[in-house]
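Novice:
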Amino acid sequence: MNQTKPRVALFITCLGDQFFPQVGECAVEILRRLGVDVAFDPAQTCCGQPAFNTGYRNEACEVAARNLELFGDVDYVVAPSGSCTTMVRSFYPELFAGDAARLAQVERLRGRFYEFSEFLVNVLNVEDVGARFPHRVAYHDSCHLLRELGIESEPRKLLRAVHDLELVEMSDYRLCCGFGGTFSVKFPEVSVAMGEDKARAAVESGAEYLVANDSGCLMHLAGVIHRERLPLKTLHLAEVLAGEGPK
21 MNQTKPRVAL
31 FITCLGDQFF
41 PQVGECAVEI
51 LRRLGVDVAF
61 DPAQTCCGQP
71 AFNTGYRNEA
81 CEVAARNLEL
91 FGDVDYVVAP
101 SGSCTTMVRS
111 FYPELFAGDA
121 ARLAQVERLR
131 GRFYEFSEFL
141 VNVLNVEDVG
151 ARFPHRVAYH
161 DSCHLLRELG
171 IESEPRKLLR
181 AVHDLELVEM
191 SDYRLCCGFG
201 GTFSVKFPEV
211 SVAMGEDKAR
221 AAVESGAEYL
231 VANDSGCLMH
241 LAGVIHRERL
251 PLKTLHLAEV
261 LAGEGPK
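Going letter by letter, the sequence shown gives residues 21 to 267 in our numbering.
Here is the structure:
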């Protein structure tokens with residue numbers, strides 16, 4: 021890792037801000053442990069994906085433009101979410117396709133915008149963050165992280181380096197959990213059925229914990245697990261790496 025501390029802005033997701041603040045806190049703890057200078061700008065809001073996915077392009081542009089202005093003076097922006105990272109890196113160019121000035125800002129931002137596990141492994145070149153978690157864990161690949169960003173090995177490298185953790189793979193581990201943001205609202209029956217399949221696959225793997233990098237997937241799966249009374253708990257990768265668990 022560079023001797024000069026990289027300046028990193030944490031991009032906290034809407035779900036993280038409202039429901040899972042501990043995920044952001046754990047991400048900051050890990051980054052600072054690794055010598056990163058982390059800042060958080062409370063003026064940030066949403067990445068714009070909910071509006072974008074439901075056809076409200078003008079509203080999505082307003083939110084996205086705000087982010088382009090906020091994150092201009094840091095080395096990196098890190099998000100504990102494949103979904104938000106995908107929005108910035110893959111869909112901001114589409115959102116501002118007709119605006120040359122904004123597109124230039126997008127190019128500057130998307131080259132510095134990283135998902136949390138990707139940043140640790142590929143930028144900081146770190147796999148072992150000094151965590152210990154003596155449990156059997158299955159990892160769920162969220163769709164945006166896997167399919168849009170191609171991030172599959174990085175979270176697993178980090179999990180395998182956690183002391184006393186046993187990583188087990190689910191059958192058909194690449195299958196979607198069924199959340200899909202507004203998909204779960206528009207098609208709840210399909211969404212729930214997919215979530216049930218994923219949760220049961222985790223149980224069948226022998227895992228005690230189901231870990232993912234997106235709080236949306238975890239929220240959806242935690243609901244399924246609760247309703248089905250399955251012997252399984254959910255955690256974000258950042259919580260595992262910080263050595264955190266349910267109190």
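Glycine included, each C-beta is placed from N, C-alpha and C at the ideal position.
1. Hey, out of Ala85, Val98, Gly102, Glu174, whose CA is closest to Leu51's CA?
2. With a CB to CB cut of under 6 Å and the five nearest residues on each side skipped, what residues in its chain are close to Gly265?
3. Quick check on the burial criterion: 16 or more other C-beta atoms within 10 angstroms. Buried or exposed for His160?
4. Do you know how far the Cα of Ala232 is from the Cα of Phe256?
5. How long is the line joining the alpha carbons of Leu123 and Val244, rounded to whole angstroms?
6. Is Cys197 closer than 7 Å to Gly215 when the C-beta atoms are compared?
7. Just to confirm, are Pro100 and Ala227 a CB contact at a threshold of 7 Å?
8. Would you say Met107 and Cys81 are within 7 Å of each other, going by their C-beta atoms?
9. In terms of residues, what are the limits of the beta strand (DSSP E) holding Ala222?
10. If you check the beta carbons only, do Pro175 and Tyr96 fall under 7 Å apart?
Specialist: Considering the structure as presented:
1. Val98
2. Unreliable positioning characterises Gly265 in this predicted model, as indicated by a pLDDT of 40, which lies under 50. A coordinate reading is not provided.
3. buried
4. Reading off the sequence shown, one finds His at residue 256, where the question assumed Phe. Between His256 and Ala232, the C-alpha separation is close to 5 Å.
5. 40 Å
6. yes
7. no
8. no
9. Ala222 -> not in any beta strand (DSSP E); alpha helix (DSSP H) instead, spanning 208-224.
10. no
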